[in-house]
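Engineer: Here it is: the structure, laid out below.
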Amino acid sequence: MTHIIIDRHHVTLEYATDCMIVRVPDEIPRTIPLGRVDQLICLHSVHLTTQLIGQLYKRGIDLIVLNMRYENSSFALFSDQQRQVERRCRQYRWQQNDSDRLEFARDLCSHKFKVMAKLLSQYHTMPAFSACKRLEEARHTLVSCHSDDQLRGIEGSLQRMAFDIWRQQIPSSLGFVRRERRPPKDPVNAVLSLAYTLVHQDAVRQAKRYGLDPQLGFYHRTAFGRQSLACDLMEPVRPHVESWVVKLFNESILDKRFFTQSAQGCFLGKAGRSEFYAAFDEAAQQWRRKLAAGAHWLARRIDHAGAG
């Protein structure tokens, strides 16, 4: 997949004869053939013509718009080329059945705990060892979870435990204490938010690729403005993202110099975003395969349930 990232202000994107024209004041316009593009990622301040947006949709090119200060204002437009109505109808019926829905939610959490344990086991410390033991025990107790609240209580507790282990692996000077999203108050939370936003959009894309409705989740219930199934698909991938963010700071790919701090929160600057995108593009290839595998598995499971 070829990604184009427009991470500059005062940029205008236009369409002309199968190409995207990139215009920047006082610079020669650049021409990019759309046939080579699978995904366009740009800052919210970039200007796009409606003609270009129409061509992106027509050609199946994803458009992701990132708002670095207000995460909720980020959005994406996907070309929904696989309209598998029957599968989505089955998905709707299945997520309305509490027994079937909870079974999937338990399986999802079990897989996430397994991934977390594998990643945390690389840290040879007593807290990490204890965390892995708790995760294994939790996987065995999931079968007795018969309510959303009970399952979320277990998952939430273990997620906080994992963040505590991650915190112990990075310099205390970064100021990371706990997961805080709105706004992110330290460099670690700022990078987590950006990475999660991009992975979430990939999860939406994979859901649509396999004819699933990204709005209809099983573990994450339907809520206004939330693509709940994409959140579900992300859960087993989140530990990979968190481990990767720890690595970014431990290997000094990112450090405090790349961030600005204000009353509105902590934000990654332009130079830092350049480092981030280069590292993310490499790591995200593996994460996309995991998201695709999860969406494919769920689609087959829904089809099998419908056939039965």
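All letters in the sequence shown, in the order written, are residues 1 to 308 by our numbering. Glycine included, every Cβ here is placed at the ideal spot set by N, Cα and C. Keep in mind it's a predicted model, so treat the numbers as computed, not measured.
1) Compute the beta-carbon to beta-carbon distance between Asp7 and Arg182, rounded to the nearest angstrom, for a pair I have assumed lies under 8 angstroms.
2) Take Trp361 as the anchor and find which of Met234, Glu180, Leu194, Ser262 has the nearest alpha-carbon.
3) In this structure, how does DSSP classify Gly294 when only helix, strand and coil are distinguished?
4) Work out the CA separation of Phe78 and His47 for me, nearest whole Å.
5) Looking at Leu192 and Pro214, is the spacing between their C-beta atoms short of 8 angstroms?
6) Quick one: using the 10 Å Cβ neighbour count with 16 as the cut-off for buried, is Ser243 buried or exposed?
7) Count the other CB atoms within 10 Å of the CB of Ala131; is the residue buried (16 or more) or exposed (fewer)?
8) Determine, for Lys247, whether the minimum Cβ-Cβ distance to residues of chain C falls below 8 angstroms.
9) By alpha-carbon positions, which one of Lys58, Arg59, Ser73 ends up nearest to Val65?
10) Give the C-beta separation of Ile311 and Ala138 to the nearest angstrom, bearing in mind that I take them to be a contact with Cβ-Cβ under 8 angstroms.
11) If you follow the beta strand (DSSP E) that Gln31 is in, where does it begin and where does it stop?
12) Does DSSP put Thr141 in a helix, a strand or coil?
13) Would you mind giving the Cβ-Cβ distance between Cys109 and Asp186, rounded to the nearest angstrom? I have them listed as a contact below 8 angstroms.
Structural biologist: Straight from the coordinates:
1) If you number the sequence shown from 1, residue 7 lands on position 7. If you number the sequence shown from 1, residue 182 lands on position 182. About 22 angstroms; that fails the 8 angstroms criterion.
2) Residue 361 is absent from the structure shown; the chain starts at 1 and stops at 308.
3) Taking the first residue of the sequence shown as position 1, residue 294 is located at position 294. In this structure, Gly294 counts as helix in the three-state DSSP scheme.
4) By 1-based counting over the sequence shown, the position of residue 47 is 47. By 1-based counting over the sequence shown, the position of residue 78 is 78. If I take the Cα positions, the gap works out to 18 angstroms.
5) For the purposes of this step, residue 214 is taken as residue 214 along the sequence shown, with counting starting at 1. For the purposes of this step, residue 192 is taken as residue 192 along the sequence shown, with counting starting at 1. Their beta carbons are not under 8 angstroms apart, which means Pro214 does not touch Leu192 by this criterion.
6) The residue given as residue 243 occupies position 243 in the sequence shown. Classification for Ser243: buried.
7) On the sequence shown, position 131 is the one that residue 131 refers to. Its Cβ being crowded by 16 or more others within 10 Å, Ala131 is buried.
8) No chain C is part of this structure, which consists of one protein chain only.
9) Here residue 65 corresponds to residue number 65 of the sequence shown, with the count starting at 1. Minimum Cα distance to Val65 is reached at Ser73.
10) Any question about residue 311 goes unanswered here, given that the chain covers just 1 to 308.
11) Indexing the sequence shown from 1 puts residue 31 at position 31. For the sequence presented, residue 31 should be read as Thr rather than Gln. Following the DSSP letters along the chain, one finds Thr31 inside the beta strand (DSSP E) bounded by residues 30-33.
12) The count along the sequence shown starts at 1 and reaches residue 141 at position 141. Looking at Thr141 - three-state DSSP - the assignment turns out to be helix.
13) Within the sequence shown, the letter at position 109 stands for residue 109. Within the sequence shown, the letter at position 186 stands for residue 186. In fact, because the Cβ distance is near 28 angstroms, the residues do not count as touching under 8 angstroms.
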